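K.L.:
After the structure tokens below, expect a handful of questions from me.
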Amino acid sequence: MTTTTQAYGETWYWDNRYSNEPGPFDWYQKYQTLAPIINLYAPRDCKILVVGCAFSEGMVEDGYESVVNIDISSVVVEAMQNKYRDRSQLKYMQMDVRDMSAFESDSFGAIIDKGTLDSLLCGNNSRQNATMMLEEIWRVLKDKGVYILITYGAPLYRLRLLRDSCLWTIKLHVIEKLASEEKSDRPVWELTTPVPLNDDGSSVEQALGKNPDVHYIYICVKISLPLTVFSLFPSLLVLGLDLRSRDPTGHLLSDLSGNQKLVSKRADTTRNKFVHSSGSTLLVRFFLFDILVWAMPPSILKPLLSSHQLFD
1 MTTTTQAYGE TWYWDNRYSN EPGPFDWYQK YQTLAPIINL YAPRDCKILV
51 VGCAFSEGMV EDGYESVVNI DISSVVVEAM QNKYRDRSQL KYMQMDVRDM
101 SAFESDSFGA IIDKGTLDSL LCGNNSRQNA TMMLEEIWRV LKDKGVYILI
151 TYGAPLYRLR LLRDSCLWTI KLHVIEKLAS EEKSDRPVWE LTTPVPLNDD
201 GSSVEQALGK NPDVHYIYIC VKISLPLTVF SLFPSLLVLG LDLRSRDPTG
251 HLLSDLSGNQ KLVSKRADTT RNKFVHSSGS TLLVRFFLFD ILVWAMPPSI
301 LKPLLSSHQL FD
């Protein structure tokens with residue numbers, strides 16, 4: 001039997017809900033309370049994607065010029081299209097965030113998510129669905145574009161999901177929940193000031209205390225690993241060439257001092273490579289990249305890496 005919470009990831013649930021409750025929903029926060037952080041990271045002249053129809057009308061009133069909204073529910077999309085037909089800055093499309101093939105790669109300067117990832121994480125196959133969503137978001141973002149994730153999920157539960165799925169640099173902000181009954185005159189943390197964020201997120205508890213009554217705002221900036229790392233560390237080219245002689249289902253974990261070790265035999269061609277900094281050691285994990293390198297002759301691979309054409 002499917003519970004209400006589990007149904008959050010299902011189309012039929014949202015169609016029924018929006019049919020029975022046609023009024024607007026302010027999930028988590030109103031635009032006015034989040035405007036300072038959105039203005040900080042998303043320029044008004046960049047193309048914005050809002051996943052899950054949220055507060056885009058407030059963004060247009062605030063000067064944003066192009067806001068595309070997608071939602072899995074055709075009911076809400078049709079309602080929004082009718083309501084804002086005179087707003088040329090707004091576009092509404094029925095679409096599954098796990099498959100945004102209607103959009104070309106590198107289409108948006110910023111993507112805003114207020115509760116959509118959380119909804120998928122409540123449903124069946126939650127981890128798989130969340131990963132599919134994040135990979136699609138990463139794909140349609142421009143290089144150095146920003147994914148603004150507004151969620152109830154603390155770093156303990158969200159950081160690993162974000163980092164395992166895609167290649168980001170991540171900052172964290174927080175804002176008090178609207179429903180907080182015991183609000184002080186002084187906020188828990190200044191909205192536009194990033195919260196100290198270490199690898200496992202434990203620094204957040206040190207800064208805010210245990211179980212703070214806040215929503216977390218993850219600022220995830222898309223980065224292109226090879227364009228940066230291969231330029232700075234030519235020795236990684238040698239490591240890449242070395243992968244050709246390895247089992248293609250293995251992943252190479254290598255530090256820049258030359259220590260190399262196969263750490264996994266699990267093929268994973270869907271994830272992106274990422275950089276993780278631990279002290280003074282830069283660790284580079286290869287996922288899809290190792291499969292590509294393994295299958296490519298060195299005579300072709302080396303010029304591609306040198307010119308970065310493989311990653312453009």
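With the UniProt record's numbering, letter number 87 in the sequence shown gets 87, and the count goes up by one each step, no holes. Glycine is no exception: its CB is placed at the ideal position from the N, C-alpha and C atoms. For clarity, every value in this text was computed on a predicted model and none was experimentally measured.
Which one or two residues does DSSP pair with Q81 in a beta bridge?
P.N.:
For Q81, which the question treats as bridged, DSSP gives no partner whatsoever.
K.L.:
Express the C-alpha separation of C53 and D113 in angstroms, rounding to a whole number.
P.N.:
Each residue's Cα considered, the two are about 9 Å apart.
K.L.:
In angstroms with no decimal places, state the Cα-to-Cα distance between I223 and V77.
P.N.:
Cα to Cα, I223 sits roughly 31 Å from V77.
K.L.:
Would you check if there are 3 or more beta carbon pairs closer than 8 Å linking the region 123–141 to the region 194–209?
P.N.:
At 8 Å Cβ cutoff, the stretches do not touch.
K.L.:
Would you say Y218 and L141 are within 8 Å of each other, going by their C-beta atoms?
P.N.:
Not closer than 8 Å, so no.
K.L.:
Give me, in chain order, the residues of the same chain whose beta-carbon lies closer than 6 Å to that of S231; leave out the 5 immediate sequence neighbours on both sides.
P.N.:
Note that S231 scores 46 on pLDDT, short of 50, meaning its location in the model is unreliable; the coordinates nonetheless yield the value given after this. Nothing listed; no residue qualifies.
K.L.:
Within the same chain, show all residues whose beta-carbon is closer than 7 Å to that of L161, passing over the 5 residues directly before and after it, in chain order.
P.N.:
Cβ within range, chain order: A130.
K.L.:
What residue from Q29, L40, G123 and K30 has the CA that sits closest to residue 347's CA?
P.N.:
Residue 347 is absent from the structure shown; the chain starts at 1 and stops at 312.
K.L.:
Can you tell me whether E57 is buried or exposed, with buried defined as 16 or more other CB within 10 angstroms of its CB?
P.N.:
Result: buried.
K.L.:
Rounded to the nearest angstrom, how far is the Cβ of I111 from that of V51, given a contact under 8 Å?
P.N.:
Contact holds; Cβ gap of about 6 Å.
K.L.:
Answer yes or no: do L208 and K171 have a C-beta to C-beta separation smaller than 8 Å?
P.N.:
Against a cut-off of 8 Å, the Cβ pair of K171 and L208 comes out as no contact.
K.L.:
Check this for me: beta carbons of Q29 and L178, under 8 Å apart or not?
P.N.:
Contact: yes.
K.L.:
Could you name the residues of the same chain whose beta carbon sits closer than 6 Å to that of K47, not counting the 5 residues immediately before and after it, in chain order?
P.N.:
Within the same chain, K47 has close Cβ partners S66, F108 and G109.
K.L.:
P43 to Y64, Cα distance in whole Å?
P.N.:
P43 and Y64: Cα-Cα distance of roughly 8 Å.
K.L.:
The ligand SAM and L156: does the residue's C-beta get closer than 7 Å to at least one heavy atom of that ligand?
P.N.:
The ligand SAM is not among the ligands present in this structure, which contains no ligands whatsoever.
K.L.:
At the level of alpha carbons, what is the spacing between G123 and R98?
P.N.:
Cα to Cα, G123 sits roughly 13 Å from R98.
K.L.:
Look up C220 in the DSSP assignment and give the residues it is bridged to.
P.N.:
Partner(s): Y147 and I170.
K.L.:
Let's test the definition: count the other Cβ atoms within 10 Å of the Cβ of P155 and tell me whether it reaches 16, buried, or not, exposed.
P.N.:
Burial call: buried.
K.L.:
Between which two residues does the alpha helix (DSSP H) harbouring I137 extend?
P.N.:
From DSSP, the alpha helix (DSSP H) with I137 extends over S126 to V140.
K.L.:
With burial defined as no fewer than 16 other Cβ atoms inside 10 Å of the residue's Cβ, what is the status of S88: buried or exposed?
P.N.:
By the 10 Å Cβ count, S88 comes out exposed.
K.L.:
Assuming M93 is part of the beta strand (DSSP E), what are its boundary residues?
P.N.:
It spans L90 to Q94 - the beta strand (DSSP E) in which M93 sits, taken as one unbroken run.
K.L.:
Counting only beta-carbon atoms, is G209 nearer than 8 Å to chain D?
P.N.:
The chain labelled as chain D is not found in the depicted structure, where only one protein chain is given.
K.L.:
Secondary structure at P196, three-state DSSP: helix, strand or coil?
P.N.:
In the structure shown, P196 sits in coil (DSSP, three-state: anything other than H, G, I, E or B).
K.L.:
Can you tell me the Cα-Cα spacing of V188 and G153, whole angstroms?
P.N.:
Their Cα atoms are separated by approximately 17 Å.
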